[in-house]
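First up is the structure itself, then whatever we jot down about it.
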Amino acid sequence: MSTDQLRVGVLALQGAVTEHSGALIKAGVKEVVQVKRPQHLEGLDGLVLPGGESTTIGKLMNQYELMEPIRKMGQAGIPLFGTCAGLILLASRIQNQQWSHLGLMDTLVDRNSFGRQRESFEANLQVDGIEGDPFPAVFIRAPHIIEVGPTVKVLSHYDGRIVTARQDNLLAASFHPELTDDSRLHQYFVQMIKQNR
Ligand code: GLN
Numbered sequence: 010m011s012t013d014q015l016r017v018g019v020l021a022l023q024g025a026v027t028e029h030s031g032a033l034i035k036a037g038v039k040e041v042v043q044v045k046r047p048q049h050l051e052g053l054d055g056l057v058l059p060g061g062e063s064t065t066i067g068k069l070m071n072q073y074e075l076m077e078p079i080r081k082m083g084q085a086g087i088p089l090f091g092t093c094a095g096l097i098l099l100a101s102r103i104q105n106q107q108w109s110h111l112g113l114m115d116t117l118v119d120r121n122s123f124g125r126q127r128e129s130f131e132a133n134l135q136v137d138g139i140e141g142d143p144f145p146a147v148f149i150r151a152p153h154i155i156e157v158g159p160t161v162k163v164l165s166h167y168d169g170r171i172v173t174a175r176q177d178n179l180l181a182a183s184f185h186p187e188l189t190d191d192s193r194l195h196q197y198f199v200q201m202i203k204q205n206r
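In structure tokens, the structure reads:
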């Protein structure tokens, strides 16, 4: 099917919602829905969970009754793409924290893993499944994945740390692919959505 029938949501509680929407449009999505309430999830073919502050976003997701329906979407095989805080929201385990948020992806993650002196930086990454030049990745107080389960595919490393991974319908990146003009990771996600339909 063509991308112009796709409806993709961006969780719009915090973070770079407009930038993600722009990147999805650039990747060929016709309709992007800003998700603030459970009814906005209806009929979505995929959902982006943007960066921000995972604790805050998690609280807001609970408050607006979005946690359970998004978890169900993920369990039903609808593609979800978590970037930065979104990667933390997807994880089944968070280092030094007793609870998780969506708990969908078989990963153990560490928040704020690149240290204060490197609060934000850009790096060129080789990402599995992304053709051509290295991917320009913007890291902002970025998490990384410490451990993955057997069904998780690691797509890229930075400094020996896992920063992009996929498990079936779940895609997670430590960095902010929406903050550069390069929409190849969003294209990769759109491809996942198309294959799922
Ligand atoms: N460090 C943040 C957190 O723990 C994530 C940072 C980001 O999304 N840019 O939620």
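Residues 10 to 206 (my numbering) make up the sequence shown, in order. No residue lacks a Cβ here, since even glycine has one placed at the ideal position from N, Cα and C.
By the neighbour-count criterion, in which 16 or more other beta carbons inside 10 Å mark a residue as buried, Gly67 falls on the buried side. Cβ-Cβ distances below 8 Å link Met82 to Leu50, Leu53, Leu56, Leu89 in the same chain, with the five nearest sequence neighbours on each side left out; the list follows chain order.
Counting of Cβ neighbours within 10 angstroms places Ala151 among the buried residues, the total reaching 16 or more. Checking the 7 Å criterion, the Cβ of Ala181 is out of range of every heavy atom belonging to the ligand GLN. For Ala25 against Leu188, the beta-carbon gap comes to about 7 Å, under 8 Å, which counts as contact. Check the Cα spacing between Pro143 and each of His153, Gly124, Glu131: the tightest is with Glu131. If you measure from each CB to the nearest heavy atom of the ligand GLN, the residues under 5 Å come out as Gly60, Glu62, Ser63, Cys93, Ala94, Arg120, Asn121, Ile149, Arg150. Leu22 and Lys45 do touch by the CB rule: their CB atoms are close to 7 Å apart, below 8 Å.
A check of alpha carbon separations from Pro47 across Pro159, Leu75, Leu69 identifies Leu75 as the nearest. Sequence-distant partners of Leu98 (beyond 5 residues in either direction) whose C-beta falls short of 7 Å from its own C-beta, in its chain, are Leu58, Ser63, Ile66, Gly67, Gly91, His110, Leu111. When secondary structure is reduced to three states using DSSP, Thr173 falls in the strand class. Ser165 and Leu69 have their C-alpha atoms spaced approximately 30 Å apart. Annotated as proximal: Gln104 and Leu117, with beta-carbon spacing under 8 Å. Membership of Leu99 in the alpha helix (DSSP H) is indicated by the continuous run 94-99.
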